[in-house]
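So the structure is just underneath, and the comments pick up after that.
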Amino acid sequence: MVDIIDKDLIEPELDLYSKEDIIKHLAFLMDKKNRLKNVSEYIKSVIDRENLTNTYVGYGVGIPHGKTDAVNVPTLAFAKIKNPVIWGEEEDLANLIFMIAVPEKSSSNEHLKILAALSRKLMDEEFKEKLLVTNSKDNLIKILNEVFE
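Those letters in the sequence shown? Residues 1 to 149, by full-length UniProt numbering.
This is the structure:
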């Protein structure tokens with residue numbers, strides 16, 4: 001599952017100010033890497049999911065995701081936000097965003113496996129701290145690949 005992410009899907013210092021802009025930006029990164037069939041449809045699925053239940057998981061982390069036919073292959077994009085943005089309720093400020101894309105036809109629990117692996121790793125304070133202090137894409141990809149080892 002290590003090829004779920006690559007360096008071009010990482011934004012170490014993203015300077016955007018809204019959840020929707022961040023979702024769109026990460027989706028366009030996925031699209032540039034041919035991970036999506038239809039970027040607009042994928043963005044809509046992620047935003048619809050956010051409107052249903054926001055994906056703020058606490059501790060400055062948001063995990064927006066979409067499972068749709070608009071996705072070619074399971075993908076994870078990551079962004080560190082320069083200035084935390086409201087991700088759920090007004091007090092839910094996120095600065096670490098992990099966006100997941102999974103094809104509708106993939107194994108029914110593919111996105112759950114990715115979410116579970118991420119959630120386990122995010123409980124590790126050292127892992128989060130490494131993400132927060134590192135701005136090199138090369139180092140961030142190494143850290144993120146630990147999730148799927």
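Each residue gets a CB set at the ideal place from its N, CA and C atoms; glycine is no exception.
The model shown is predicted, which means the values in this text are computed figures rather than measured ones.
What is the residue span of the alpha helix (DSSP H) that Ala-70 lies within? Residue numbering aside, residue 70 sits at position 70 when the sequence shown is read from its first letter. Careful: Ala-70 lies outside any alpha helix (DSSP H) and carries neither H nor E.
Could you work out which residue in Val-133, Lys-137, Leu-132, Ala-117 is closest to Glu-146 when comparing CA atoms only? Taking the first residue of the sequence shown as 1, we reach residue 146 at position 146. The shortest Cα separation from Glu-146 among Val-133, Lys-137, Leu-132, Ala-117 belongs to Ala-117.
Answer yes if the stretch 123–135 comes into contact with the stretch 101–112, meaning at least three C-beta pairs across the two stretches below 8 Å, and no otherwise. no
Could you tell me the alpha carbon to alpha carbon distance between Ile-47 and Lys-67, rounded to whole angstroms? Working through the sequence shown from its first residue, we reach residue 47 at position 47. Working through the sequence shown from its first residue, we reach residue 67 at position 67. Distance between the alpha carbons of Ile-47 and Lys-67: 12 Å.
Local Cβ density within 10 Å of Glu-34, reported as buried at 16 or more and exposed below that: Here residue 34 refers to the residue found at position 34 when the sequence shown is read from its first residue. A small fix is needed here, since residue 34 is Asn in this sequence, not Glu. Exposed: under 16 other Cβ atoms inside 10 Å.
Nearest-angstrom Cα distance between Phe-127 and Val-61? Counting from one through the sequence shown, the residue named residue 127 turns up at place 127. Counting from one through the sequence shown, the residue named residue 61 turns up at place 61. Each residue's Cα considered, the two are about 13 Å apart.
Could you give the first and the last residue of the continuous beta strand (DSSP E) run that contains Asn-83? Stepping through the sequence shown from its first residue, residue 83 is reached at position 83. Residues 75–86.
At which residues does the beta strand (DSSP E) containing Val-102 begin and terminate? As a working mapping, residue 102 is identified with position 102 in the sequence shown. Where Val-102 is concerned, the enclosing beta strand (DSSP E) stretches over 93–103.
Just the C-alpha distance for Val-102 and Lys-44, rounded to the nearest angstrom, thanks. Taking the sequence shown and counting its residues from 1, the one referred to as residue 102 is at position 102. Taking the sequence shown and counting its residues from 1, the one referred to as residue 44 is at position 44. Roughly 14 Å between the two C-alpha positions.
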